[in-house]
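Here the sequence shown is numbered in numbering that gives the first Met the number 0, starting from 0 and rising by one per residue.
The beta-carbon is built from N, C-alpha and C at its ideal position, and this holds for glycine as well.
Note that this is a predicted model, so its numbers are computed, not measured.
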Amino acid sequence: MALLPLLIAIARSAEISFDHPRPRSFRLFLLGEITGLVYFWGTLYWLVDTMVTFGGLPWLGAAAAAGLLIAYLALFPACFALLQAFALRRLGARGLLFAPAIWVATELGRTYFLTGFPWVLLGYSESSLLPLAQMVSVVGIYGLSAFVAAPSAVAAFLFFGRGQARLIAVGGLMAMMAGLIFWGSARLEQSALLQQGEPVRVGIVQGNVPQRQKWKESLADEIFSRYLSMSRQAAQQGAHLIIWPEASLPYFYERQPHVANAIGLLARETNSYLLIGGDQVEDGTPPRFFNSSFLITPEGQVAGTYRKMHLVPFGEYVPFERWLYFVTPIVRSDFQAGDAVNVMPAGTHPISTMICYEAIFPDLALDAVRQGSQLLTTITNDAWYELSSAPHQHFEMARVRAIEQGRYLVRAANTGISGVVDPYGRVLERTNLFEPAVFSADLRFLTERTLYARIGNLFAYACVLLTALPVLVRRRHY
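This is how it looks when you write it as structure tokens:
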């Protein structure tokens, strides 16, 4: 019911402004902006501590930088308020029933505009309610966001609507909710995907290297030795694919022969594939740096690489750096973005990886599965966020990718949360934060595609069309 107060306020403002020659657009915009500020300060509060602790910014400077990002994100709820008011002025109270579609249209905009930042979309609030979350295998996370917005829209319609239409709206919502939960429960009980595909045992290494130690040259050899030793433990547990976190290599893999030799020896000794996160440099003037992953074969050869496509704002680049120059000390701003989703061959089984917050972008997993990926992985370093809610938010968002694509998902995080999720969103393994961990799990390479993997974000784009529909309707009174 979180959107209900906003919808009531929008409806009242739209009703008032209808009789005025100039609609109170600023008031409506402000209502949405304030809602967005509460929404994003409440979920991204940890940005300030991260910038202070690891960036060395004063508290006020960190709050200003975080505030600019949050104020930008709040523009999308503000756009929602304006679009919702327009629908109300054209359709009357029935325009409230368009709220879920309008909300999804603004979430889609937040996903793509200025490289995108789709953190904590509304649907992620239901990631642990698995019978309901199964709907993302059909309509994706945007469909779940629409469903979460629907009760608020119907409740608001009860305030402003008239006649039997209100009962029809409530009955329709209850029937939809019951039907989706019944279908989702049946899908979970059947769990057909768990009987398909070729089995594989995957090992995850959580090195637990504090962020302050991660790039100290004096500790590089010790960190590297730690990962080699922990990987051998995973191999002793029977793992045939071993995964290290993002940037776990404290060297450039391709520029350090002793590192490549040690990793090749490890792969041959353990007869395992190794998926390793590390930085990559490309010669040029100036040289170009990439946040990358490498898949090493049991013969010690590089089978494939992937370069991170979505860089973290204020973590790997500074948006509008010309104006936000005071933030640059906290980031490595010379990273370049990769240009393609690459699947990598683990023998005859293509696999894919998402680096860090790329796991919150549905299209990356979607593209990988369409290219044939049979296993989703995500590697990350969440040490920046310490004991805040950020690592938990990050894990839950990655979890939804498994349900959307009908794939097992393996997550390796430097300081946690590492884990394994089955194709229905069940968490099979999950580590604690800031503890070293080595564990293995029996998974399957899967080839069957969900409906969402086939049609993509068709539902979300349909919501965009529904948002535009009031333009074609004559304006009407309540």
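Candidates the options, of which the one nearest residue i by Cα
i	options	result
P244	V37, F293, Y38 and G160	F293
M173	A149, G55, G415 and D421	A149
R453	Y111, S124 and V138	V138
A132	G263, R93, A185 and L166	A185
D338	H348, T376, R369 and T304	T304
A266	R398, D362 and V301	V301
L442	I416, L468, T466 and I350	I350
P117	R89, Y71 and L96	Y71
M176	I7, Q194, G41 and L143	L143
V463	V37, A98, L363 and A10	A98
T42	V147, L120 and I180	L120
E447	G202, Y407 and L310	Y407
L2	V147, L375, R225 and I180	V147
H309	G299, G122, L363 and E395	L363
L274	Q212, H239 and T284	H239
S388	E221, W40 and V208	W40
A246	S190, K307 and G299	K307
T284	G263, S291, I242 and D333	D333
E125	F75, E395 and G178	E395
Distance between residue j and residue i (C-alpha atoms, nearest Å)
i	j	result
S24	P344	54 Å
L81	F28	6 Å
R93	F159	9 Å
F458	Y141	8 Å
Q210	A73	30 Å
S16	L166	At S16, the pLDDT of 49 sits below 50, so the modelled position is not reliable; the number obtained from the coordinates is stated separately. Going by the C-alpha atoms only, they are around 28 Å apart.
Q370	L87	43 Å
L5	A100	16 Å
Q255	E216	14 Å
P361	R400	7 Å
W214	S230	21 Å
D48	H393	17 Å
C480	R161	Nothing can be reported for residue 480: it is not among the residues displayed for the chain, which extend from 0 to 477.
D282	V340	22 Å
V204	V420	16 Å
L193	W182	18 Å
G171	A164	10 Å
S372	E253	25 Å
Y123	D220	39 Å
P198	F444	6 Å
T493	W102	The chain is shown from 0 up to 477; residue 493 falls before or after that span and cannot be answered.
P20	A145	Because the pLDDT at P20 is just 41, under 50, the model does not fix this residue reliably, and the value given afterwards should be weighed accordingly. Approximately 33 Å between the Cα atoms of the pair.
A10	R425	40 Å
Y38	A367	31 Å
S151	L95	9 Å
S190	P422	9 Å
S228	L113	42 Å
G346	I7	57 Å
Residues near residue i in its chain [Cβ-Cβ closer than 6 Å; skip 5 each side]
i	result
A168	V153 and F156
T377	M353, A358, A397 and R410
N270	P297
A234	T269 and S271
L46	A65
Y460	none
A480	Given that the chain is displayed from residue 0 to residue 477, the structure contains no residue 480 and the question cannot be resolved.
R225	G206
Q212	L218
G299	G263, A266 and R267
Sheet register partners of residue i (DSSP bridge)
i	result
Q205	A436
A345	H348
M353	T377
Y272	L240
D278	N290
Y305	S292
L95	The partner list for L95 (beta bridge, DSSP) is empty, contrary to what the question assumes.
G418	R410 and R429
D441	R200
F334	F288
Same chain only: Cβ atoms within 8 Å of residue i, ignoring 5 sequence neighbours per side
i	result
F223	L248, P249, Y250, V258 and A261
Y451	V135, S136, V137, V138, G139, L365, E403 and Q404
L468	F97
T52	E385
Contacts around residue i, its chain only, beta-carbon distance under 7 Å, and the 5 residues preceding and following it disregarded
i	result
A77	F28, G31, E32 and G35
L432	L386, P390, T414, G415 and I416
G237	R200 and S439
D18	For D18, the predicted structure reports a pLDDT of 48, less than 50, and the residue's modelled location is therefore unreliable. The matter cannot be settled from this model.
Q335	R287, F288 and F289
L465	F97 and A100
P130	I180, G183, S184 and L187
Quiz item: Looking at C-beta atoms only, is the number of pairs between the segment 378-386 and the segment 94-113 that lie closer than 8 Å three or more?
Solution: no
Quiz item: Counting Cβ pairs, one atom from each stretch, are 3 or more of them under 8 Å apart for the segment 421-439 and the segment 45-60?
Solution: no
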